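Trainee:
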Amino acid sequence: MSPSTSNPTVVLHASGYDLPDDQRRLVRWTIYIGYFALAAGVAHGFAQGLSYAKIDILRFFPALRSYYQGLTAHGVANALFFTFAFSNAFLPLMTARALSRPMIKGFLQATLWTLVAANVMVIWSVTTNRASVLFTAYAPLQAHWAYYLGLVLLVVSTWIASAHLYVLLARWRRDNRGERIPLLAFISVLTYVMWDIASIGIAVSFVGFLLPWSLGILERTDPLLNRTLFWFTGHAIVYAWLLPAYISWYALVPRQTNGKLVSDPLTRVVFIMFLLLSIPTGFHHQYTDPGIATSFKAFHALLTFGVFYPSLATAFSVVAALEIGGRRNGGGGLLGWIRKLRWDDPSLTAQVLAMITFVFGGITGLINASYFVNQIVHNTAWIPGHFHMTVGSAVALTLMGVAYWAIPYLTQRKLWGRKLAVAQSWVYTVGVLIMARGLISGGLDGMPRRIFRAEANYGAESWELAGALTGIGGTLMTVGAVMFFLVIVMTIFFGKKGEGPKDIPFAETLIPASREGWDVKLDRIGLWTVAAVVLVLIAYAPFFLTYLPARLVSPGYTFF
Amino acid sequence: MRVHQYEKAFLWLGAIMLVVFMVALVITSVAASMHLPGRAGEVDPLTINSVEPFDNPGVREVAPGRYEVVLLASAWVFNPAEIRVPAGSEVTFLAAATDVIHGLHITGTRVNMMLIPGQISRNTYRFEEPGEHILVCHEYCGAGHHLMSGKVIVE
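Chains as they are written, first to last, in this note's numbering: chain V, 62 to 621; chain C, 532 to 686.
(1) Which of the residues in the stretch 627–646 of chain C, read from start to end, lie with their CB under 7 angstroms from any CB of chain V?
(2) Just to confirm, are P611/C and G681/C a CB contact at a threshold of 9 angstroms?
(3) Which whole runs of the alpha helix (DSSP H) in the stretch 466–535 of chain V are 4 residues long or more, in chain order?
(4) Per DSSP, T441/V is paired with what?
(5) Whose C-alpha, out of V228/V, L290/V, R86/V, is nearest the C-alpha of I261/V?
(6) Could you tell me whether the Cβ of D575/C comes closer than 9 angstroms to any Cβ of chain V?
(7) Are the beta-carbon atoms belonging to G426/V and F357/V less than 9 angstroms from one another?
(8) Since T451/V sits in a beta bridge, which residues does DSSP pair it with?
(9) State yes or no: is the beta carbon of S606/C nearer than 9 angstroms to at least one beta carbon in chain V?
(10) Whose C-beta lies closer than 6 angstroms to the C-beta of S67/V among residues of the same chain, with five residues either side of it excluded?
(11) Check for me: the beta strand (DSSP E) holding N643/C runs from which residue to which?
(12) Report yes or no: is there a C-beta of chain V within less than 9 angstroms of the C-beta of A562/C?
(13) Exposed or buried, L154/V, counting other C-beta atoms within 10 Å across all chains shown (16 or more means buried)?
(14) Could you tell me the distance, in whole angstroms, from the CA atom of I549/V to the CA atom of A146/V?
(15) Keeping to the same chain, check which residues put their C-beta closer than 8 angstroms to that of R288/V; ignore five residues upstream and five downstream.
(16) Note down the Cα distance separating Q84/V from M164/V, rounded to an integer number of angstroms.
(17) Compute the distance between the beta-carbons of S148/V and A179/V, then report whether it is under 9 angstroms.
(18) Along the beta strand (DSSP E) that carries I654/C, what are the first and last residues, could you check?
(19) Exposed or buried, what is S121/V when buried is set at 16 or more other beta-carbons lying within 10 Å of its beta-carbon?
(20) Beta carbon of T410/V, beta carbon of W477/V: below 9 angstroms?
(21) Can you look up L609/V in the DSSP assignment and give me helix, strand or coil?
(22) Need the endpoints of the alpha helix (DSSP H) that L666/C sits in, please.
(23) Cα separation between Y656/C and R641/C?
(24) Could you tell me if L73/V is buried or exposed, where buried requires 16 or more neighbouring beta carbons within 10 angstroms of its beta carbon?
(25) Hey, how far is the Cα of R566/C from the Cα of I558/C?
(26) How close, in whole Å, do the beta carbons of L132/V and R511/V come, if the pair is a contact with beta carbons under 8 angstroms?
(27) Which partner residues does S605/C have in the DSSP bridge list?
(28) Residues of chain V with a CB under 7 angstroms from the CB of F541/C: which are they?
(29) Counting only runs that start and end within the stretch 310–360 of chain V, where is the beta strand (DSSP E) found for 3 or more residues in a row?
(30) Quick check: the Cα distance between R316/V and S378/V, rounded to an integer number of angstroms?
(31) Which stretch, first to last residue, makes up the alpha helix (DSSP H) that contains F168/V?
(32) Given Q436/V, which residues of its chain have a CB within under 8 angstroms of its CB, disregarding the five upstream and five downstream residues?
(33) Provide the residue span of the beta strand (DSSP E) that contains G681/C, from first to last.
(34) On the criterion of 16 or more Cβ atoms from any shown chain inside 10 Å, does W589/V qualify as buried, or is it exposed?
(35) Quick check: what's the CA-CA separation for G614/V versus S605/C?
(36) Assign S339/V to buried or exposed, taking buried as 16 or more other Cβ atoms, counted over all protein chains shown, within 10 Å of its Cβ.
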């Protein structure tokens, strides 16, 4: 059963699961949209990193009117389109593979075309400077309606992909009564169950307020309510980005390094905890907001510490799985197994480095959550320092690592430039750590985020070094990303035909699922969903009940 | 459910660590009386210029050693843009936005608030040391966002 050592990402023996060509094409194009978005976002990120070092290259960007237009593109492309296009392709593929069933072509088509429509509207409105409101879209800065509608369609595409997962699972359950749900399918489905509940906030805000407001049907809107609805979705959204990476770390990475997933039941518990705790934590993004009682903020702080817990459990599990692999590969001693992790495999290297940066991402996140301590860092450069070590590397690097087997798998071509691909993730990781060091130290000294620093009329001495490090790190990240795209494009066009992996590299478990005892109850997705909704109500109903009706006080402003 | 003993130990350690962090937060919050902004009233952003106390922005001494700063944020200026207070004074900020969302951060302090149209933001801070701080608008508010700043001078 040991995979080829010369080319570990390639699983040579097919398992009997065969992805039909028409489905392969649809999944491939959905995932391509994600990596296109990453490329577009990275180009802007380069300019933004340099702006912190007071180097302005924005004039070389055609059709860009302002720094903030580019920042909108960066956020929307990298945080929304990249992540969700990937999930829309990855989660159905994982579910189908785990259940050993074909996907449903109609769902794949509907997901893809909704995503395309969303892209067209958002790209048009952002490139024509009609929507320079950043990806958070805080009212009363008002974007063109096409921007709001495009983002609504993006969410609709995730709902279609979710429906696809639920139908696949329901059909499998109908045919396999009394069986435990295969782990990979369980965690994939749970990821989008969580997201579906979470996305209600942004859906209500956009469809109920911002879209009619931008069309002139609603004259004024309520900035605090829109912001609160955004953050209802906005913290859970980071788990919607992160959990697909966790799926890879738990269920695929062990196989790639010859290890085993440690515990089936504990993995399910971790994902159930994310379903329960991801959403009722949104107020920790609004600690410094007026109009929200401090008692509500304190309760969300408590739950935010709670949602840190499944990530702690994950840290143990994924490292233990790596250790098992390293030892089976001949690594001895206390740390000798680390050297034997198949560092020649670009897919594995990228993901292990992603895990390492995530340690710092997690620690800084806990500091953000720490109630009044948040006042030191809120909206300073510390925050992008933090989230470039979470979504900007733990997620982005993992998704690059996944591409190193998924693109060959989906194109049936051999990965081009393997050594370049290995070097790529090191360059990116060094870059992100330097950049984060700059942003974090600048942030602690009050350097703000979301600012065109190259032209700002104020500053402090300590921001100079912080800004320079941000620029240097950002440049290295860009180099790492360009190397990634080179490998991927060359693979797509020039990779050796017919030498792609035949199967998806998913792992065996050390402690398997049990057929009796309370373990079985873990599979009751409906029950956990109800529990999650109840917890959301407990966390949010007191605010809405004491706040509503909406204060429709603000007309739209287009200061961009 | 079978859980490996190392994993069990790790999970317990993690849980204890989080509880210790939370207790530390509660204790310091109470002991040093550091608070977050909460509900501090509402005001219509379109008529705010004629509503007390926002019809008269500025710095006022309300009691010996205690000051009140009434501050308005509009694209892309703070009013007042310069705040002077003596060292050792306790300053209560009452701030609001007149158009879009702005932010208010005084560097080197924990005065850090969102200013959201329709809401009044309030927080209190004691400036111990003389020196100069930057008053930063730290939420994106349009094309001139990076030009929106001011000064707090502690004398």
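Cβ atoms here follow ideal geometry from the backbone N, Cα and C, with glycine treated the same way. All values derive from a computational prediction rather than experimental measurement.
Mentor: Reading from the atomic positions:
(1) D630, V631, I632, G634, H636, T638, G639, R641, N643, M644, M645
(2) Pairing P611/C with G681/C gives a Cβ-Cβ distance under 9 angstroms.
(3) 479–505
(4) P509/V
(5) L290/V
(6) yes
(7) no
(8) BP columns for T451/V are empty, so no partner.
(9) Here residue 606/C turns out to be Ala, not Ser, going by the sequence shown. Yes, A606/C counts as interfacial toward chain V.
(10) Residue confidence for S67/V is low, a pLDDT of 37 falling below 50, so the modelled location carries little weight; the figure read from the coordinates is stated next. Within the same chain, S67/V has no close Cβ partners at all.
(11) 643–646
(12) no
(13) With at least 16 other beta carbons inside 10 angstroms of its own, L154/V counts as buried.
(14) 17 angstroms
(15) Cβ within range, chain order: Y199, A200, Q347, D350.
(16) 7 angstroms
(17) no
(18) First, the residue type needs correcting, since residue 654/C is Asn and not Ile in the sequence shown. 652–658 is the span of the beta strand (DSSP E), which, as asked, contains N654/C.
(19) According to the sequence as given, residue 121/V is Phe; it is not Ser. Classified as exposed, F121/V has fewer than 16 neighbouring CB atoms from the shown chains inside 10 Å of its CB.
(20) no
(21) L609/V: coil per DSSP, three-state reduction.
(22) Looking at the DSSP string, L666/C is not in any alpha helix (DSSP H); the run it does join, the beta strand (DSSP E), is 662–667.
(23) 8 angstroms
(24) Confidence is the limiting factor: at L73/V the pLDDT is only 46, short of 50, which leaves the residue's position unreliable, though a coordinate-based value still follows. Exposed is the call here.
(25) Looking at the sequence itself, residue 566/C is His, so the reference to Arg does not match. C-alpha separation (whole angstroms): 12 angstroms.
(26) 7 angstroms
(27) V608/C
(28) Neighbours of F541/C in chain V, taken as residues at a C-beta separation under 7 angstroms, are given in chain order as F377.
(29) 322–324
(30) Here the alpha carbon of R316/V sits roughly 14 angstroms from the alpha carbon of S378/V.
(31) Residues 166–188.
(32) Y348, T349
(33) 680–685
(34) buried
(35) First, the amino acid is wrong: residue 614/V is Val here, not Gly. C-alpha of V614/V to C-alpha of S605/C: approximately 16 angstroms in a straight line.
(36) buried
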